[in-house]
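Below is one structure, written out as structure tokens; comments come after it.
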Amino acid sequence: MSAFLTYLLNGLAVGCAIALIASGLVVIHRVTGVVNFAQGTFAVVAGLCTSSLLGMGLPHGLSEVAAVLAGAVAGLLTGLVAIGRRGTSPLSALIVTLGVGVLAYAVEIVLWGDQPRSAPGLAGSVTIAGARIQTQHLLVICVTAATFVLLALFFGRTYLGKALTACASNPYAARVVGIDTRRMGLLAFALGGLLGGLAGVLITPLRPISFDTDVTLIVNGFAAAVFGALTRPVITLAGALLLGVAETMAAGYGYGSHQLEVALGLMIVVMIVQASRRSTIHQETV
Amino acid sequence: MIDVTDLVVSYGTATALDHVTLSVGQGEMVALLGPNGAGKSTLANTLAGLLAPASGTVRVGGRLALIPEGRQLFPDMSVADNLALGGWRSGRRDPSAVYDLLPRLAELSSRRAGVLSGGEQQMVAFGRAMMSRPEALVVDELSLGLAPNVTADLAAHLAELNREHGLTVLLIEQNARLAFELCRRAYVLESGRLVAEGDSAELAEDPRVASAYLGGAIT
Amino acid sequence: MKRLAGGLVAAAVTLALPALLDDSALAVYILLGLAAMVTVGVSLLMGYAGQVSLGQGAFYAIGAYTAALLTLGGVPPLAGLIAAPLVAAASALVIGTPLLRLRGHHLAFATLAMQLILLSLAGQLEITGGDIGLQAIPQFGIGSWEMSSAVAYAYLTWAGLALVMLATHNVITSRPGRALRALATSETAAASSGIPVGRYKLVVFALSAAFAGLAGGIYCFYTGYVAPGSFPVLISIQYIVMAVVGGLGTIWGAVVGATAVTLLVQALNTVGALPGMPTYAPSVLSYAVYALVLIVVVLFLPHGLLPAITRRLPRTAKR
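Chains as they are written, first to last, in our numbering: chain R, 1 to 286; chain G, 287 to 505; chain E, 506 to 824.
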């Protein structure tokens, strides 16, 4: 029983990291209609930055914050390239984000080399209800929970957050009211970068990160986001947690090498179910 | 107040507005009539600054707000939030003046905009436009999909704002009867070109206008 | 007329080349030809069905593994080569039928997912040889005649590309093809016009998979060896770059794009292998160039290189 609980709790931590990546995807997609293929890249950049900054002697806390900001900057730059030019269609923008992700490989290898890097996090473990959970995992869960609450408050209660939601809800009406949808899109990208960066900073102590870690991250993130149809944050969170737990359980009970298949299989199944429920007209007007 | 000179607006290779010249004086309430596809909404969007002219000039002598065709609210947000966002451009977020003007909105303030009736939604769109204290209002298809009494109610508000507060109004309509009732002057737009303009009473008598828009002359 | 003449010249030149090239140049020729075959399909998919396949390499791999498994199992190579595109097309139908109705990014990720899953499975299953893969694949041949020289494989590749281009030409000029082109912008408008756009898109997708499968089949006979490592995700991105660079939805555009990118990669490899360059130089250079080329072309040359070039050529007066 305690093994199950251990896997469950650790799985929730993994799911939280996925949820952060997925929420970045959702924020960007809701506001701009673009699926950001570089979402995993923000996490990798932040993770590698953390590793370097801590290695250079910068204290904990400061390094992590700086790294998250680096993620936000990466997000903003991606947004500038993807949607900065008027008239870029969402599918073209997706391809551009793909290009950004590959370009990031080149930059990352030059700056950090091609070997995986790690960073020290919170050491030790805690026992809850007979189950052992790493302290770093607990940190991940708490930070993610706080982030989601903050996001909900931001989008629901602040004027700027409402403006962003407006862009997602009815871009034409947003423009009628005077909202600069392109600037809001850039803000969404920066926010996505911040969320991805946060994920990267939180998971680097848990598993070494290298330039090609972004593929696993984006695939997991997308799988969770697809659950919420790329627009519903709460369902996305649920999907991410489910994914994290499923993968950890699979690893714990002996199917460790199939974690990726779990994510991908779930994603494809969900997409097919969604496909059978939607009609083309609904797709186009959404 | 609103001066449009030789305006040309195109979508790619298609010309939506072909050398249109019109003007609305301060405090006037003028109508723009025309069938579907005439370019009325294109003109509305250009006046609101959402479309750029290919050539020609648009001069607006004050704050202009648009009540777009089909309401165009934020359906999942409350009426209060919809109104608040209306104040984005001007920075004025306080809806009290709008609640004074349209008390029904105060009652609906916490309701989700998407579940309201057509008339209520149009009222929200109206209130949202008024949030920026505009000096000129462009109203695109006020009557679309609304029952006559609901339309009359909103129209009365418009007329009162025009009369009492000098609000300049450009009323874009397919419903000629309503347009001529409310506005002393009118333009007629067809396929991107102005085909008629002048006094409402005279236009109503004009056989072309009458047959196209009024189903026969008004007797 | 001019285009036909240009095409015939190109065909003649490329047909003559294999006899003149040495083995290492032939390797480039063959890989270029195979990439062009896949790219024609990708270009067709993106230009006509408006869909992106982030995992087209999966169909390439399916073709290669199918031909390899069948031939190693005793099936005559010709049958194996024919089976390759068929199996690839069938897989496309399985994934495309439910997903083509959704917006572009769904199919994009589903194809990527498919490639990742396939690579993972192929690397673990015994039947596919695991990470080491399948080796000693018999040479391609018909009956008792066996193909053993690189020149022969070059001609086979040429034939495969010609077949793919011909098939694509027929699709583009057919009524369904022209209908797809005209209605590419709005599926709702298309649906109300009575044209089964969904079915046409599915055919295009399956066709693109078949092209990739055929290329994969030729590849497995040429190298005699297939392993998961031969089909990384990067090649799928390569095909997209080639398609975009050459111009979407045009046959020659795909070939131009594949040629441009392949030669560019060769040049980069040479530069990256120069003394004094760090060991990671080749991969960094390829990543950087792929990415920059893709971004620049998508943003600034949306119709690709081919239309940009032909627009500059002097036009003969129209009658």
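Here a beta-carbon is modelled for each residue, glycine too, at the ideal position from N, C-alpha and C. Here the structure is a predicted model, which is why all the values come from computation and not from measurement.
Supposed contact pair residue j and residue i - C-beta distance, whole angstroms, cut 8 angstroms
| i | j | result |
| --- | --- | --- |
| E:V557 | E:G601 | So it is not a contact: roughly 13 angstroms between Cβ atoms. |
| G:G325 | G:L350 | With 8 angstroms as the limit, G:G325 and G:L350 do not qualify as a contact, their Cβ atoms being about 18 angstroms apart. |
| E:V547 | E:S679 | So it is not a contact: roughly 20 angstroms between Cβ atoms. |
| E:S542 | E:G665 | The sequence given here has Met at residue 542 of chain E, not Ser. Indeed they touch by this definition, with Cβ atoms about 6 angstroms apart. |
| R:C16 | R:T144 | 4 angstroms |
| G:A490 | G:F466 | 5 angstroms |
| G:L480 | G:V306 | 6 angstroms |
| E:A594 | E:A715 | 4 angstroms |
| R:V245 | R:L12 | 6 angstroms |
| G:L336 | R:V44 | Not quite, the Cβ-Cβ distance comes to about 39 angstroms (not below 8 angstroms), so this is no contact. |
Of the residues the options, the one placed nearest residue i, counting alpha carbons only
| i | options | result |
| --- | --- | --- |
| G:A399 | G:A392, G:E393 and G:Q407 | G:Q407 |
| G:A442 | G:R419, G:D292, G:M409 and G:T301 | G:M409 |
| R:L186 | R:T32, R:F42, R:F211 and R:L12 | R:T32 |
| R:A229 | R:R85, R:A199, R:A275 and R:L264 | R:A275 |
| R:V100 | R:I83, R:G200 and R:G161 | R:I83 |
| E:L575 | E:V592, E:L559 and E:Y565 | E:V592 |
| G:A462 | G:G452, G:Y473 and G:V455 | G:Y473 |
| G:G348 | G:G356, G:S396, G:R419 and G:P361 | G:R419 |
| G:L293 | G:M315, G:L333, G:G323 and G:G320 | G:L333 |
| E:I647 | E:A657, E:A641, E:G638 and E:L639 | E:A657 |
| R:I268 | R:G121, R:F222 and R:V149 | R:F222 |
| R:L206 | R:T216, R:L122 and R:W112 | R:L122 |
Under the three-state DSSP convention, the category residue i falls into
| i | result |
| --- | --- |
| G:L480 | strand |
| G:W374 | coil |
| G:V294 | strand |
| R:S118 | coil |
| R:Q283 | With a pLDDT of 44 at R:Q283, under the threshold of 50, the predicted position of this residue should be treated as unreliable, though the coordinate-derived value follows. Here R:Q283 sits in helix by DSSP. |
| G:S429 | coil |
| R:S52 | helix |
| E:T542 | Inspection of the sequence shows that residue 542 of chain E is occupied by Met rather than by Thr. Three-state result, E:M542: helix. |
| G:H305 | strand |
| E:T673 | helix |
| E:E651 | strand |
| R:Q134 | strand |
| E:D528 | helix |
| R:S23 | helix |
| E:G646 | strand |
| G:L319 | strand |
| R:I209 | strand |
| G:D485 | strand |
| G:D289 | strand |
| R:I128 | strand |
| E:L522 | helix |
| E:L559 | coil |
| G:A324 | coil |
| E:A554 | coil |
| E:A572 | helix |
| E:T515 | Checking the sequence, you will find Ala at residue 515 of chain E rather than Thr. Helix, per DSSP. |
Contacts of residue i in chain R (Cβ-Cβ under 8 angstroms)
| i | result |
| --- | --- |
| E:L797 | G99 and L103 |
| G:P354 | Y172, A173 and V176 |
9 angstroms Cβ cut-off: residues of chain R touching residue i
| i | result |
| --- | --- |
| E:G609 | V35, P90, L91 and L94 |
| G:R379 | Y159 |
| G:D362 | T165 and S169 |
| G:Q358 | N170, Y172, A173 and V176 |
Contacts that residue i makes with chain E (C-beta to C-beta distance below 7 angstroms)
| i | result |
| --- | --- |
| R:F222 | F614 |
| R:E114 | First, the residue type needs correcting, since residue 114 of chain R is Asp and not Glu in the sequence shown. Near R:D114 (Cβ distances below 7 angstroms), the residues of chain E are Y785. |
| R:R85 | L804 |
| R:L237 | By Cβ distance, chain E contributes nothing, its closest Cβ being about 19 angstroms from R:L237, past 7 angstroms. |
Chain C within 8 angstroms of residue i, Cβ atoms only
| i | result |
| --- | --- |
| R:S169 | You won't find chain C in this structure, because its protein chains are R, G and E. |
Per-residue contacts from residue i into chain G (C-beta, under 7 angstroms)
| i | result |
| --- | --- |
| R:R175 | L336 |
| R:G178 | W374 and R375 |
Contact set between residue i and chain R, taken where Cβ atoms lie within less than 7 angstroms
| i | result |
| --- | --- |
| G:L457 | By Cβ distance, chain R contributes nothing, its closest Cβ being about 17 angstroms from G:L457, past 7 angstroms. |
| E:P603 | I272, A275 and S276 |
Tell me the start and end of each unbroken alpha helix (DSSP H) in the region 327-398 of chain G that is at least 4 residues and wholly inside, in chain order. For the region 327-398 of chain G, whole alpha helix (DSSP H) runs of length 4 or above, ordered along the chain, are 365-372, 382-387 and 389-394.
Exercise. Ignoring anything shorter than 4 residues or poking outside the region 728-814 of chain E, list the alpha helix (DSSP H) runs there in chain order.
Key: 738-751, 756-777 and 786-805
Q.
Runs of 3 residues minimum, wholly inside the region 403-477 of chain G: which ones carry the beta strand (DSSP E) assignment?
A. 422-426, 454-459 and 471-476
Could you pull out every unbroken alpha helix (DSSP H) segment of at least 4 residues lying fully inside the region 183-228 of chain R, listed in chain order? 214-227
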